[in-house]
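These notes concern the structure reproduced below.
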Amino acid sequence: MSNEAILHEHQTGTHDAGHAHEHHHHETFITKYVFSQDHKMIAKQFLITGIVWAIIGGLFSVLFRLQLGYPESTFPWLEDFLGHWAKGGKLDPEFYYSLVTMHGTVLVFFVLTAGLSGTFSNFLIPLQVGARDMASPFLNMLSYWFFFAASIVMFASLFVQTGPASGGWTIYPPLSALGEASDGSKIGLDLWLVSMSLFIINALLGGLNYITTVLNLRTKGMSMTRMPLTMWAFFFTAVLGVLSFPVLLSGCILLLFDRNLGTSFYLSDIVINGKILPNEGGSPILFQHLFWFLGHPEVYIIILPAMGIASEVMSINSRKPIFGYMAMVGSLFAITALAFVVWAHHMFVTGLNPFLGSFFVLLTLLIAVPSAIKVFNWLTTLWRGNIRFSPGMLFAIGFVSLFISGGLTGVFLGNSALDIHLHDTYFIIAHFHIVMGVAGMFGMFAGLYHWYPKMYGRYMNNTLAYIHFWVTMIGSYLIFWPMHYEGLAGMPRRYYDFSNWESFKMFGGLNQFISFVSIIVFAAQLLFVFNFFYSIFKGRKVTTLNPWGAASLEWSTPIRPGHGNWPGEIPEVHRWAYDYGKDGRDFIPQTEPVGEDESKH
Amino acid sequence: MELVMTEQRKKIHPHKFTLWVAIGSITMMFAGLTSAYIIKRNQPNWLEFDLPVIFWYSTAAIVSSSITIWLAVRAFRQGEMAKYRKMLIVTFVLGIVFVSLQVLGFIQLWNQGITLTRNVSVSFLYPIVGLHAIHVIGGVIALLIMFLKAFSRKQKTYSAVPVEMMSTYWHFVDLLWIYLLFFLLMIR
Chain H
1 MSNEAILHEH
11 QTGTHDAGHA
21 HEHHHHETFI
31 TKYVFSQDHK
41 MIAKQFLITG
51 IVWAIIGGLF
61 SVLFRLQLGY
71 PESTFPWLED
81 FLGHWAKGGK
91 LDPEFYYSLV
101 TMHGTVLVFF
111 VLTAGLSGTF
121 SNFLIPLQVG
131 ARDMASPFLN
141 MLSYWFFFAA
151 SIVMFASLFV
161 QTGPASGGWT
171 IYPPLSALGE
181 ASDGSKIGLD
191 LWLVSMSLFI
201 INALLGGLNY
211 ITTVLNLRTK
221 GMSMTRMPLT
231 MWAFFFTAVL
241 GVLSFPVLLS
251 GCILLLFDRN
261 LGTSFYLSDI
271 VINGKILPNE
281 GGSPILFQHL
291 FWFLGHPEVY
301 IIILPAMGIA
311 SEVMSINSRK
321 PIFGYMAMVG
331 SLFAITALAF
341 VVWAHHMFVT
351 GLNPFLGSFF
361 VLLTLLIAVP
371 SAIKVFNWLT
381 TLWRGNIRFS
391 PGMLFAIGFV
401 SLFISGGLTG
411 VFLGNSALDI
421 HLHDTYFIIA
431 HFHIVMGVAG
441 MFGMFAGLYH
451 WYPKMYGRYM
461 NNTLAYIHFW
471 VTMIGSYLIF
481 WPMHYEGLAG
491 MPRRYYDFSN
501 WESFKMFGGL
511 NQFISFVSII
521 VFAAQLLFVF
531 NFFYSIFKGR
541 KVTTLNPWGA
551 ASLEWSTPIR
561 PGHGNWPGEI
571 PEVHRWAYDY
581 GKDGRDFIPQ
591 TEPVGEDESK
601 H
Chain U
602 MELVMTEQRK
612 KIHPHKFTLW
622 VAIGSITMMF
632 AGLTSAYIIK
642 RNQPNWLEFD
652 LPVIFWYSTA
662 AIVSSSITIW
672 LAVRAFRQGE
682 MAKYRKMLIV
692 TFVLGIVFVS
702 LQVLGFIQLW
712 NQGITLTRNV
722 SVSFLYPIVG
732 LHAIHVIGGV
742 IALLIMFLKA
752 FSRKQKTYSA
762 VPVEMMSTYW
772 HFVDLLWIYL
782 LFFLLMIR
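Those protein sequences? They're chains H and U, same order as listed.
Here the first sequence stands for residues 1 to 601, numbered as in the numbering used here.
Here the second sequence stands for residues 602 to 789, numbered as in the numbering used here.
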């Protein structure tokens, strides 16, 4: 079946397939904006839901940073805002844990998975491979609504009497398996598990579509090696998701059994408040294996799309072909393959056999090789480029900077011997926030500033964008750099108050500084949110088809493409997506046939 | 355009491909569960028990349903719609029979005292076999929709794709059950 037929399969109409895409379907508000099957609208739905979650998740971090930075102070306004969670203007310790847990869950899954790969895979895959829509627009719509349902359940869990889940975003049993263990392990955790199950279905439905569309619906001439690197990155991201999320689902189902049906998959020999529980024979380590079999690929699910976006934005704004295209693809593949065999490096201190651990050390450190290849290729793409410092480009360069400094600390943590000291300290917080959290956000910002004109037909305000970039860039380092020192000194994560702790009370001033900067950085993100929504309605209008002078296919569509993307036939592709500065020309679009006297690549 | 069409005809249909990726994904879920089971098997305090005999009958039911859906696809391709509908309904009934037999098997286990919370080795049986049954029920619902569509007068053009996808999925849940059965028999 052809591309055309896929798109129109679900629409009963009297027209024949030949001129179907020129025919304007009668669209109501509901079919256009709510239950839309257009990949571009679904992408925007993911994006805006993701932005809402990012504000909530970011606000949580500001709240718990207030406690960490100013443990002696009280903030009476917090009580008005949070009620019994902040009696007398001081965060309740139980609620502090909930905030930490929800901050992690929301940012990792709802913002950096659904918001990043949900937005850009949906938006860019059909546009850049030359397809009318996803392989199954209906499943795609379903994917968003599962995400929406997951969001509703997770949001609802914030308002239950005993509070949301509070065992950390990794929800390790036995704490998470027993309602008696803590308030957050009561109904809040059941809601967490239900929400995550819905989220996993969303990720799977989305991933199926992304893989199939990339492999099966490329336009004529678009061979795999002519695809932009974004496509490769999203493809591998989807492969990771489709193979690892089901395992987390298994783990969650077993946990639900333990919580509600009295089984003991993860429980054995437990005493709570002097009461001996009957559970016997289970092992909490089993959950860690199942969790991290997803959990580790998950960090690549976050970072691969950011890598793809950075590569694309960087090449376009350096006016140079991406350096080492095949090496970039190869290293993406290597990272994907290695992602499945390193999960136990999260478990070095669980009593894992040290001999087994040494294999995981080796495999973990091997990831440094493809990562370094990518970094060198980005730097050599910038090298002697004709760089345009657009906001998207700044964020792409910032991404590389963060990926280098965060990646280097990964080499420390990957060594099982060093990990004994660094495990569960602020060092690990600093590492994963820089290399995954902030770098992932930077990839997202780079993509948003770059493709905003294609999404909304308008530009975002550049001045606000530059302020946003510099505050975020400098602020991120000011927040997370000092945490390395705290972590090397042994300061553990997840603690509520360090002021009474002789070893770490000397960091009081530093913690205050970190909290102060994080409030400023959060405010800068609100500036971005304002810029984003304001520009949708009032931004400067795009007047040319190809504002950045990019070679890839999405810029050959109309300024505001309709459902079906191209008004006529889908253009044929004759070359790769990186012909910049070739044969004396600024750029050559992918749709232009290779000339007689043109040099081949 | 002509060229594009022929080129795309050689490729596998995107929806079919999606199904294959989904099958890979479902396989990973059961791989997760069965590897967890193997890890637990090597720990002390493992309870050995026999699978109920009913599971053999249910196996017979699902294997024969695989044959009937194969016959249904063949009849569809040859345009024998009456036979297609008949085979579809037989497959549908066999699917329901399979799920009912699984439930009966568990009732029998439960009555023998091998309940959900008795021992971890037994506990595993319930989610593993239960999740498989849920996947079969999903297939049964799809069969029902397909059966109702086969009687619909509105549809004029017939594409073999949905029928072929249905049969691929059905063979998959069949094979998955055979794998699980042998897995549970061998490693206990």
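Yeah, the Cβ is synthetic: ideal placement off N, Cα and C, and Gly gets one too.
Remember, it's a predicted structure, so these values are computed and weren't measured experimentally.
Query raised in the report: By a C-beta neighbour count over all protein chains shown, 10 Å radius and 16 as the cutoff for buried, is H/H602 buried or exposed?
Result: Nothing can be reported for residue 602 of chain H, as the shown portion of chain H is limited to 1 through 601.
**Report entry** Close Cβ partners of H/L68 (< 7 Å) along its chain, the five nearest in sequence each way excluded
**Finding:** In the first sequence, the residue the question calls residue 68 of chain H occupies position 68. In its chain, beyond the 5 residues on either side, N511 and S515 have a beta carbon closer than 7 Å to the beta carbon of H/L68.
Query raised in the report: By DSSP, does H/G475 sit in helix, in strand, or in coil?
Result: On the first sequence, position 475 is the one that residue 475 of chain H refers to. H/G475: helix per DSSP, three-state reduction.
Query - Simplified DSSP state of H/Y210, which is helix, strand or coil - result: Within the first sequence, the letter at position 210 stands for residue 210 of chain H. Helix, per DSSP.
Query - Under 8 Å between C-beta atoms of H/I211 and H/V247 - result: The residue given as residue 211 of chain H occupies position 211 in the first sequence. The residue given as residue 247 of chain H occupies position 247 in the first sequence. Their beta carbons are not under 8 Å apart, which means H/I211 does not touch H/V247 by this criterion.
Query raised in the report: What are the boundary residues of the beta strand (DSSP E) that H/K582 is part of?
Result: Taking the first residue of the first sequence as position 1, residue 582 of chain H is located at position 582. H/K582: member of the beta strand (DSSP E) spanning Y580 to K582, first to last residue.
Query raised in the report: In the segment 610-621 of chain U, which residues sit with their C-beta less than 8 Å from some C-beta in chain H, listed in chain order?
Result: Taking a C-beta cut-off of 8 Å against chain H, the contacting residues of the segment 610-621 of chain U are K612, I613, H614, P615, H616, F618 and T619, listed in chain order.
Query - Spatially closest choice to H/P228 from H/W292, H/L256, H/L191 and H/P126, by CA coordinates - result: Counted from its first residue, the first sequence places residue 228 of chain H at position 228. Taking only the C-alpha atoms, the option nearest H/P228 is H/P126.
Query raised in the report: What whole-angstrom Cβ distance do H/F123 and H/M441 have, given they're in contact under 8 Å?
Result: Here residue 123 of chain H is taken as the residue at index 123 of the first sequence, counted from 1. Here residue 441 of chain H is taken as the residue at index 441 of the first sequence, counted from 1. The pair is not a contact, with the Cβ atoms about 17 Å apart (cut-off 8 Å).
Query raised in the report: Quick one: what's H/T425 bridged to in DSSP?
Result: One-based indexing of the first sequence puts residue 425 of chain H at position 425. The partner list for H/T425 (beta bridge, DSSP) reads H/P492.
**Report entry** Length of the line joining the Cα atoms of H/L66 and H/W77
**Finding:** The residue labelled residue 66 of chain H in the question sits at position 66 within the first sequence. The residue labelled residue 77 of chain H in the question sits at position 77 within the first sequence. Rounded to whole angstroms, the separation of the alpha carbons of H/W77 and H/L66 is 12 Å.
**Report entry** Same chain, Cβ closer than 7 Å to H/F291, neighbours up to 5 away in sequence not counted
**Finding:** For the purposes of this step, residue 291 of chain H is identified with residue 291 of the first sequence, where counting begins at 1. Apart from sequence neighbours up to five positions away, the residues of its chain that approach H/F291 with a beta-carbon distance below 7 Å are T170, L248 and G251, ordered along the chain.
Query raised in the report: Relative to the alpha-carbon of U/S701, which residue among U/H614, U/I738 and U/S626 has its alpha-carbon at the smallest distance?
Result: As a first step, residue 701 of chain U must be located in the second sequence, where it is residue number 100. Of all alpha-carbon atoms in U/H614, U/I738 and U/S626, the one lying nearest the alpha-carbon of U/S701 is that of U/I738.
Report task. Could you check the C-alpha separation between H/I285 and U/V704 for me, to the nearest Å? Result -> Along the first sequence, read from residue 1 onward, the residue named residue 285 of chain H stands at position 285. Along the second sequence, read from residue 1 onward, the residue named residue 704 of chain U stands at position 103. Distance between the alpha carbons of H/I285 and U/V704: 31 Å.
Query raised in the report: Taking the Cβ atom as the reference point for each residue, do U/S724 and H/F265 lie within a distance shorter than 8 Å?
Result: On the second sequence, position 123 is the one that residue 724 of chain U refers to. On the first sequence, position 265 is the one that residue 265 of chain H refers to. Between U/S724 and H/F265, the C-beta spacing is below 8 Å.
Requested in this report: At 8 Å on the CB atoms, spell out the chain H contacts of U/G546, in chain order.
Outcome: Since the first and last residues shown for chain U are 602 and 789, residue 546 of chain U lies out of range.
Report task. With 8 Å as the threshold, decide whether the Cβ of U/T669 is near any Cβ in chain H. Result -> On the second sequence, position 68 is the one that residue 669 of chain U refers to. Between U/T669 and chain H, the shortest Cβ-Cβ separation is not below 8 Å.
Report task. In angstroms with no decimal places, state the Cα-to-Cα distance between U/M747 and U/S722. Result -> Reading the second sequence from its first residue, position 146 is the one you call residue 747 of chain U. Reading the second sequence from its first residue, position 121 is the one you call residue 722 of chain U. C-alpha separation (whole angstroms): 38 Å.
**Report entry** Touch test, the segment 34-51 of chain H against the segment 146-161 of chain H, Cβ-Cβ under 8 Å, three pairs minimum
**Finding:** Here the segment 34-51 of chain H lies against the segment 146-161 of chain H, with 3 or more beta-carbon pairs under 8 Å apart.
Query raised in the report: Helix, strand or coil: how does DSSP classify H/K220 here?
Result: Working through the first sequence from its first residue, we reach residue 220 of chain H at position 220. DSSP places H/K220 in the coil class of the three-state scheme, outside both helix and strand.
**Report entry** Range of the contiguous beta strand (DSSP E) that encloses H/F587
**Finding:** For the purposes of this step, residue 587 of chain H is identified with residue 587 of the first sequence, where counting begins at 1. Note, H/F587: beta strand (DSSP E), R585 to F587.
Report task. Mark H/K541 as exposed unless 16 or more other C-beta atoms lie within 10 angstroms of its C-beta, in which case mark it buried. Result -> For the purposes of this step, residue 541 of chain H is taken as the residue at position 541 of the first sequence. Per the 10 Å Cβ criterion, exposed.
**Report entry** Contact the segment 458-478 of chain H vs the segment 393-410 of chain H: 3+ CB pairs below 8 Å
**Finding:** Segment contact: the segment 458-478 of chain H against the segment 393-410 of chain H, three or more CB-CB distances shorter than 8 Å; contact assigned.
Query raised in the report: Roughly how many angstroms lie between the CA atoms of H/I588 and H/N377, to the nearest whole one?
Result: Looking up residue 588 of chain H in the first sequence gives position 588. Looking up residue 377 of chain H in the first sequence gives position 377. Taking the straight line joining both Cα atoms gives about 22 Å.
Report task. Check each candidate in H/P482, H/N461 and H/R585 and name the one with the smallest Cα separation from H/K538. Result -> The count along the first sequence starts at 1 and reaches residue 538 of chain H at position 538. It is H/N461 whose Cα lies nearest to the Cα of H/K538.
Query - Rounded C-alpha distance that separates H/L243 from H/D419 - result: Along the first sequence, one-based indexing puts residue 243 of chain H at 243. Along the first sequence, one-based indexing puts residue 419 of chain H at 419. Roughly 28 Å separates the two Cα atoms.
Query raised in the report: Any C-beta of chain U sitting closer than 8 Å to the C-beta of H/A135?
Result: If you number the first sequence from 1, residue 135 of chain H lands on position 135. Answer yes: the Cβ-Cβ gap between H/A135 and chain U drops below 8 Å somewhere.
Query raised in the report: Would you say the segment 404-419 of chain H touches the segment 357-370 of chain H, given that touching needs at least three Cβ pairs under 8 Å?
Result: Yes, the segment 404-419 of chain H touches the segment 357-370 of chain H.
Query raised in the report: Relative to the C-alpha of U/Y658, which residue among U/W711, U/V698, U/L781 and U/M787 is closest?
Result: Here residue 658 of chain U corresponds to residue number 57 of the second sequence, with the count starting at 1. For U/Y658, the closest of U/W711, U/V698, U/L781 and U/M787 by C-alpha to C-alpha distance is U/V698.
Query raised in the report: For the alpha helix (DSSP H) that H/W292 lies in, which residues bound it at each end?
Result: Position 292 of the first sequence, counted from the first residue, corresponds to residue 292 of chain H. Residue range P284 to S318 is occupied by the alpha helix (DSSP H) that includes H/W292.
Query raised in the report: Would you say U/L749 faces chain H, with C-beta separation under 8 Å as the test?
Result: Here residue 749 of chain U refers to the residue found at position 148 when the second sequence is read from its first residue. No, because no Cβ of chain H sits closer than 8 Å to the Cβ of U/L749.
Query - H/G443 and H/A524 closer than 8 Å at C-beta - result: Taking the first residue of the first sequence as position 1, residue 443 of chain H is located at position 443. Taking the first residue of the first sequence as position 1, residue 524 of chain H is located at position 524. No; because the gap between Cβ atoms is not below 8 Å, this pair is not in contact.
Query raised in the report: So, is H/D38 buried or exposed, given that buried needs 16 or more other C-beta atoms within 10 angstroms?
Result: Residue 38 of chain H sits at position 38 when you count from the first residue of the first sequence. Classification of H/D38: buried, given that the 10 Å Cβ count is 16 or more.
Query raised in the report: From H/P567, H/G168 and H/E298, pick the residue whose C-alpha is nearest to that of H/W343; which is it?
Result: What you label residue 343 of chain H is simply residue 343 of the first sequence in a count that begins at 1. The shortest Cα separation from H/W343 among H/P567, H/G168 and H/E298 belongs to H/E298.
Query raised in the report: Regarding H/G69 and the ligand MN, is the C-beta to nearest heavy atom distance less than 7 Å?
Result: Judged by which ligands are present, the structure shown has none, so any question about the ligand MN falls away.
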